[in-house]
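Engineer:
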Amino acid sequence: MPSGSIEIKYVSSSNSKEFSDFFELPFSIFNGNKCWVPWFMGDMKNFVDRKHPVFEHTAGEFIVAYKNGIPSGRIFVFENGGYNRTHKKNSAYFFFCDFIDDQDVVDNLMGEAANWSKNRNLDSLIGPIGFGGVSGCGFLIQGFERKAAMTMMIYNHPYYIEKIEKFGFVKYLDNYSYYLPTSAELPEVIKDAAEKMMKKEGFSILKARSKKELAKYAPDIVCVFIKTLSDHAGNYQLTHKEIDHVVKDLLTVAKPELMKVVLHKGKVVGFLLGFCDLTRAIQKSMGKINPLSIFRLLREYKKTDTILINGMGILPEFQGIGANMLLYAEMERTIRDNPQFKHLEMVQIQEVTAKMLSNVNTLRGEVAKIHRMYEYKL
């Protein structure tokens, strides 16, 4: 692509022209692509207007790069104090990063993000990385033919990798997503371990039949999530307001029978978060919430043939005794009771989580996607 003038602008608010350019840019980049999934405009407005609770401890800027006056790249660069405290880092991070196939655009966009980070005396720029919970991390480097799992993971074109590596980003961490057909049988070793677990005194599985019932346990589930996964890249110790926000989001999309929770004497000690894959309905929404998009989302709960697993944790004092096997067995039982499900995807398991990767290999999962987080030293 021939060179041209590039201008960098910051998004001041969701009422600005720059916001429209920031939000709409990916629609042109991924026009006709059946794998990309848009964020909802309302959620994006909350971020840009700093209404999301992450901004209690986060400073950042939403940036748009224009080439010859045309929106050509975007990025959200931020300093997440909660993340840096949890991981003892002094880094900046980025998310919502998209750009056309043009090295000049990428160099100017990333250069602006790097300069913003340097001006805050930070020593590296890491991403893509979300805001804890179930937001996605990493650029896709394998599995471009597979659709993204709702907004739980990022989708990008292959050229993204070439462009940011040429700028100077290097690998930070890989996340694996695994595919399993729901027709697969759990190995007998898992079934036996699950049966033994259920015979132990005080252990049970939550049988929530409604969102109202699940809501009673949701804050405790999130607290166990934080205790078990906050030290993983992409997660951190959330504030109370952030926990409330995650609980609200969780209950919005939750199907109670897919949320597997291990209780010990009535208290939450482990969880496996399953979701109906609503990707197709979200894609058709084109980022808008209206009566038609809501109807499509509700209908997709009954139509989808895919379960997404995004998040599993067991309190340290209950690890190594079979609680994970119990969660897998309960999920298999649910799948057998719901023949609409034909596929299962376990989303973004980090390469450093040896136990989880071992579990997936035991379940005979196959790698479907790899997302890579990158780092640029400042």
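369 is the number of the first residue of the sequence shown in this note's numbering; add one for each residue after it. Built from N, CA and C at the ideal position, the CB exists for glycine as well.
(1) Sorted by chain position, which residues of the same chain lie with C-beta nearer than 6 Å to isoleucine 611's C-beta, five sequence neighbours on each side aside?
(2) Which of helix, strand or coil does DSSP assign to tyrosine 604?
(3) Pick out the complete alpha helix (DSSP H) segments inside the region 496-576, 4 residues or longer, and give them in chain order.
(4) Buried or exposed: alanine 460, going by 16 or more other Cβ atoms within 10 Å of its Cβ?
(5) Where does valine 715 fall in DSSP's three states?
(6) Identify the residues that DSSP records as bridge partners of glutamate 743: which are they?
(7) Would the beta-carbon of isoleucine 374 fall within 7 Å of that of lysine 435?
(8) Distance, Cα to Cα, lysine 568 vs glycine 733?
(9) Note down the Cα distance separating serine 382 from glutamate 392, rounded to an integer number of angstroms.
(10) Kindly list the residues whose CB is nearer than 6 Å to the CB of alanine 562, restricted to its own chain and excluding five residues on each side of it in sequence; keep chain order.
(11) Does the region 389-407 touch the region 459-477, meaning 3 or more C-beta pairs lie closer than 8 Å?
(12) Can you tell me which of Phe430, Ile494 and Ser545 puts its alpha carbon nearest to the alpha carbon of alanine 516?
(13) In chain order, what residues of the same chain lie with their CB nearer than 6 Å to the CB of glycine 655, ignoring the 5 residues before and after it?
(14) Between which two residues does the alpha helix (DSSP H) harbouring lysine 385 extend?
(15) Helix, strand or coil for valine 468? Go by DSSP, reduced to three states.
(16) What does a CB cutoff of less than 7 Å around proline 439 pick up in its chain, not counting 5 residues either side in sequence?
(17) I'd like to know whether the C-beta atoms of arginine 514 and alanine 649 end up nearer to each other than 7 Å.
(18) Which residues does DSSP pair with isoleucine 594 in a beta bridge?
(19) Quick one, which of Phe643, Gly642, Ser661 and Cys644 has its alpha-carbon nearest glutamine 651's?
(20) Buried or exposed for valine 720, going by 16 or more other Cβ atoms inside 10 Å?
(21) By Cβ distance, which residues of its chain are closer than 7 Å to phenylalanine 686, with the 5 residues on each side in sequence left out?
(22) Is the separation between the beta-carbon of glutamate 743 and that of tyrosine 540 shorter than 7 Å?
(23) Find the nearest neighbour of leucine 582 within the set Pro624, Cys644 and Arg664, judged by alpha-carbon distance.
(24) On the premise that leucine 641 lies in contact with glycine 690, defined as a C-beta separation below 8 Å, what is that separation, rounded to the nearest angstrom?
(25) Quick one: grab the DSSP three-state call for methionine 369.
(26) Is it the case that the Cβ atoms of isoleucine 738 and aspartate 542 are separated by a distance below 7 Å?
(27) CB-CB under 6 Å to isoleucine 468, same chain, minus the five flanking residues each way: which ones, in chain order?
(28) Within 10 angstroms of the Cβ of leucine 666, are there 16 or more other Cβ atoms? Answer buried if so, exposed if not.
(29) Starting from leucine 694, trace the beta strand (DSSP E) both ways and give me its first and last residue.
(30) Counting C-beta neighbours from all protein chains within 10 Å, is the total for serine 551 16 or more, i.e. buried, or is it exposed?
(31) Excluding the 5 residues preceding and the 5 following lysine 413 in the sequence, name in chain order all residues of the same chain whose CB lies nearer than 6 Å to its CB.
(32) The beta strand (DSSP E) spanning lysine 623 covers which residue range?
(33) In whole angstroms, give me the CA-to-CA distance for threonine 620 and aspartate 411.
(34) Beta-carbon within less than 7 Å of leucine 746's beta-carbon, same chain only, minus the 5 sequence neighbours each way: which residues are those?
(35) If valine 416 and phenylalanine 398 are in contact, beta carbons under 8 Å, what's the gap, nearest whole angstrom?
Structural biologist: With the structure as the only source:
(1) On the sequence shown, residue 611 is found 243 positions in, with the first residue counted as 1. Excluding sequence neighbours, isoleucine 611 sits near Val590.
(2) Taking the first residue of the sequence shown as 1, we reach residue 604 at position 236. In the displayed model, tyrosine 604 falls within coil according to three-state DSSP, outside both helix and strand.
(3) Correct list: 527-535 and 556-566.
(4) As a position in the sequence shown, residue 460 is number 92, starting the count at 1. Classification for alanine 460: buried.
(5) Walking along the sequence shown from the start, residue 715 turns up at place 347. The DSSP-derived three-state label of valine 715 is strand.
(6) Walking along the sequence shown from the start, residue 743 turns up at place 375. Residue pairing by DSSP puts glutamate 743 in a beta bridge opposite Ile494 and Val538.
(7) Mapped onto the sequence shown, residue 374 falls at position 6. Mapped onto the sequence shown, residue 435 falls at position 67. Isoleucine 374 places its beta carbon less than 7 Å from that of lysine 435.
(8) What you label residue 568 is simply residue 200 of the sequence shown in a count that begins at 1. What you label residue 733 is simply residue 365 of the sequence shown in a count that begins at 1. A straight-line Cα-Cα distance of about 29 Å links lysine 568 and glycine 733.
(9) Position 14 of the sequence shown, counting from 1, holds the residue named residue 382. Position 24 of the sequence shown, counting from 1, holds the residue named residue 392. Roughly 12 Å separates the two Cα atoms.
(10) Walking along the sequence shown from the start, residue 562 turns up at place 194. Contacts found: Met693, Leu694 and Ala697.
(11) Result yes; three or more Cβ-Cβ pairs closer than 8 Å.
(12) If you number the sequence shown from 1, residue 516 lands on position 148. The option with the nearest alpha carbon to alanine 516 is Ser545.
(13) Here residue 655 corresponds to residue number 287 of the sequence shown, with the count starting at 1. Correct list, in chain order: Pro406, Phe408 and Met409.
(14) Against the sequence shown, residue 385 aligns to sequence position 17. If you look at lysine 385, you'll find it in the alpha helix (DSSP H) that goes 385-397.
(15) Within the sequence shown, the letter at position 100 stands for residue 468. Inspection of the sequence shows that residue 468 is occupied by isoleucine rather than by valine. Note: isoleucine 468 maps to coil in three-state DSSP.
(16) Taking the first residue of the sequence shown as position 1, residue 439 is located at position 71. Cβ within range, chain order: Asp389, Leu393 and Val432.
(17) Taking the first residue of the sequence shown as 1, we reach residue 514 at position 146. Taking the first residue of the sequence shown as 1, we reach residue 649 at position 281. Not in contact: arginine 514 and alanine 649 (Cβ atoms no closer than 7 Å).
(18) As a first step, residue 594 must be located in the sequence shown, where it is residue number 226. As DSSP reads the structure, isoleucine 594 sits in no beta bridge.
(19) Position 283 of the sequence shown, counting from 1, holds the residue named residue 651. Taking only the C-alpha atoms, the option nearest glutamine 651 is Ser661.
(20) By 1-based counting over the sequence shown, the position of residue 720 is 352. Classification of valine 720: exposed, given that the 10 Å Cβ count is below 16.
(21) As a first step, residue 686 must be located in the sequence shown, where it is residue number 318. Same-chain partners within the cutoff: His632, Val637 and Gly638.
(22) For the purposes of this step, residue 743 is identified with residue 375 of the sequence shown, where counting begins at 1. For the purposes of this step, residue 540 is identified with residue 172 of the sequence shown, where counting begins at 1. Contact: yes.
(23) By one-based count along the sequence shown, residue 582 stands at place 214. Measuring C-alpha to C-alpha distances from leucine 582 to each of Pro624, Cys644 and Arg664 identifies Pro624 as the nearest.
(24) Counted from its first residue, the sequence shown places residue 690 at position 322. Counted from its first residue, the sequence shown places residue 641 at position 273. Wrong, their Cβ atoms sit about 19 Å apart, outside the cutoff.
(25) By one-based count along the sequence shown, residue 369 stands at place 1. Residue confidence is low: methionine 369 scores 40 on pLDDT, short of 50, so the model does not pin down where it sits. Its coordinate-derived value is still stated next. Secondary structure of methionine 369 (DSSP, three-state): coil.
(26) Stepping through the sequence shown from its first residue, residue 738 is reached at position 370. Stepping through the sequence shown from its first residue, residue 542 is reached at position 174. In terms of Cβ geometry, isoleucine 738 and aspartate 542 form a close pair [threshold 7 Å].
(27) Counted from its first residue, the sequence shown places residue 468 at position 100. Hits under 6 Å: Ser440.
(28) Here residue 666 corresponds to residue number 298 of the sequence shown, with the count starting at 1. By the neighbour-count rule (16 or more Cβ atoms within 10 Å), leucine 666 is not buried but exposed.
(29) The sequence position of residue 694 within the sequence shown is 326, counting from 1. Taken as a continuous stretch (DSSP letters only), leucine 694 belongs to no beta strand (DSSP E), being part of the alpha helix (DSSP H) at 691-705.
(30) Here residue 551 is taken as the residue at index 183 of the sequence shown, counted from 1. Flag for serine 551 reads exposed.
(31) For this step, residue 413 is matched to residue 45 along the sequence shown. The residues are Ser382.
(32) For the purposes of this step, residue 623 is taken as residue 255 along the sequence shown, with counting starting at 1. Note, lysine 623: premise wrong, no beta strand (DSSP E); not H, not E.
(33) Position 252 of the sequence shown, counting from 1, holds the residue named residue 620. Position 43 of the sequence shown, counting from 1, holds the residue named residue 411. The alpha-carbon of threonine 620 is positioned some 13 Å away from that of aspartate 411.
(34) Looking up residue 746 in the sequence shown gives position 378. Beyond the five residues adjoining it in sequence on each side, leucine 746 comes within less than 7 Å, by CB distance, of Ala482, Ser485, Lys486, Leu490, Asp491, Ser492 and Leu493 in the same chain, given in chain order.
(35) For the purposes of this step, residue 416 is taken as residue 48 along the sequence shown, with counting starting at 1. For the purposes of this step, residue 398 is taken as residue 30 along the sequence shown, with counting starting at 1. With 8 Å as the limit, valine 416 and phenylalanine 398 do not qualify as a contact, their Cβ atoms being about 20 Å apart.
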